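Chemist:
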Amino acid sequence: MKVILTENYNDMSRKAADIIKNLLIKKNDAVLGLATGSTPIGLYKYLIEMNKDHVIDFSKVKTVNLDEYIGIGPDDSQSYRYFMNTNFFNHINIDKNNTYVPNGLAKNLEEEGRRYDKVIADLGGIDLQILGIGNNGHIAFNEPNRKLTAGTHVTPLTESTIKANSRFFDCIDDVPKTALTMGLGQIMKARKIILVASGKSKADAISRLLHGKITTECPATMLQMHNDVTVIIDKEIAEKL
Ligand code: GLP
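In our numbering, the protein residues as written are 3 to 243.
Structural data, given as structure tokens:
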């Protein structure tokens, strides 16, 4: 696993954006796996600037997002589809028909999981997957558990994730209790993975990701088995490792 130490959140975002830029310059129709959460917002801002400056072009790029809350629709400001539109897609020259997010309103959610995995397969797989990490080591919404599921599936959220994500909602009761998420098997198929993390609350999860035993109780540790993972962290985390 390659680790890049950076000065701060901006520097982390810039370094991640540069890796994506270099890929898109080589492959302008790449399939990008994208993440939500507050951490990737900075790198999306850099990519938006690069697109405005005509350094990178998204007209042929396809994107697949990791996850979506169940029970809220694309126009709901708390949905991950809405997050992606407002923080990224609305500001770049991407064709929104080429952007995929699981449908949290699907009638048959198991079927939606299978459909989503087929979408990814039909796109030829993910060239580069961006990941954040939860304080408890969750990846996308693959929460610590005795078992993990490989493909896109329905999952309950843990108390700690509901609490952590409640900062985006009016009150904790509004946070959905379930989500559709790509599984670790699907994530591990990405040809390249970049994980971004900043702030000391992530130090323990990053320490386990880098040095811990591989266990489903810390889903991030699964990434140790992938052969092209770059972890980009800031000083606050590095000082605690
Ligand atoms: C959510 C998302 C994850 C993300 C995590 C951390 O649970 N499903 O993909 O990595 O939050 O978010 P943040 O970057 O805001 O700490």
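We put the beta carbon where it would ideally sit given N, CA and C, even for glycine.
Please read all numbers here as calculations on a predicted model, not as lab measurements.
Which one or two residues does DSSP pair with K4 in a beta bridge?
Modeler: For the purposes of this step, residue 4 is taken as residue 2 along the sequence shown, with counting starting at 1. Per DSSP, T232.
Chemist: Could I get the ranges of all uninterrupted alpha helix (DSSP H) runs contained in the region 27 to 69, with 4 residues as the minimum, in chain order?
Modeler: 43 to 54
Chemist: Out of K62, V156, H140, which one is the CA nearest neighbour of L225?
Modeler: Working through the sequence shown from its first residue, we reach residue 225 at position 223. Closest by alpha carbon: H140.
Chemist: Within 10 angstroms of the Cβ of S200, are there 16 or more other Cβ atoms? Answer buried if so, exposed if not.
Modeler: Translated into positions along the sequence shown, residue 200 becomes position 198. Buried is the call here.
Chemist: Tell me which residues share the same chain as H155 and place their Cβ nearer than 8 Å to its Cβ, disregarding the 5 neighbours each side in the sequence.
Modeler: To locate residue 155, count along the sequence shown from 1; it is residue 153. Around H155: E112, G115, L182, T183, G185.
Chemist: Using the Cα positions of V63 and Y84, report the straight-line distance between them to the nearest angstrom.
Modeler: By one-based count along the sequence shown, residue 63 stands at place 61. By one-based count along the sequence shown, residue 84 stands at place 82. The alpha-carbon atoms of V63 and Y84 are separated by roughly 19 Å.
Chemist: Distance check for K29 and L130, CA to CA, integer angstroms please.
Modeler: Within the sequence shown, numbered from 1, the residue matching residue 130 stands at position 128. Within the sequence shown, numbered from 1, the residue matching residue 29 stands at position 27. Roughly 11 Å separates the two Cα atoms.
Chemist: Judging by CA-CA distance, which residue of F143, D206, E219, I216 is the nearest neighbour of E241?
Modeler: One-based indexing of the sequence shown puts residue 241 at position 239. With distances taken between Cα atoms, E241 lies closest to D206.
Chemist: Would you say H140 touches the ligand GLP, meaning its beta carbon is less than 7 Å from a heavy atom?
Modeler: For the purposes of this step, residue 140 is taken as the residue at position 138 of the sequence shown. Yes, the Cβ of H140 comes within 7 Å of a heavy atom of the ligand GLP.
Chemist: What does DSSP give as the partner residues of Q131 in its beta bridges?
Modeler: Position 129 of the sequence shown holds residue 131. Paired residue(s): G35, I195.
Chemist: What three-state label does DSSP hand H140 in the structure shown?
Modeler: The count along the sequence shown starts at 1 and reaches residue 140 at position 138. If DSSP states are grouped into helix, strand and coil, H140 belongs with coil.
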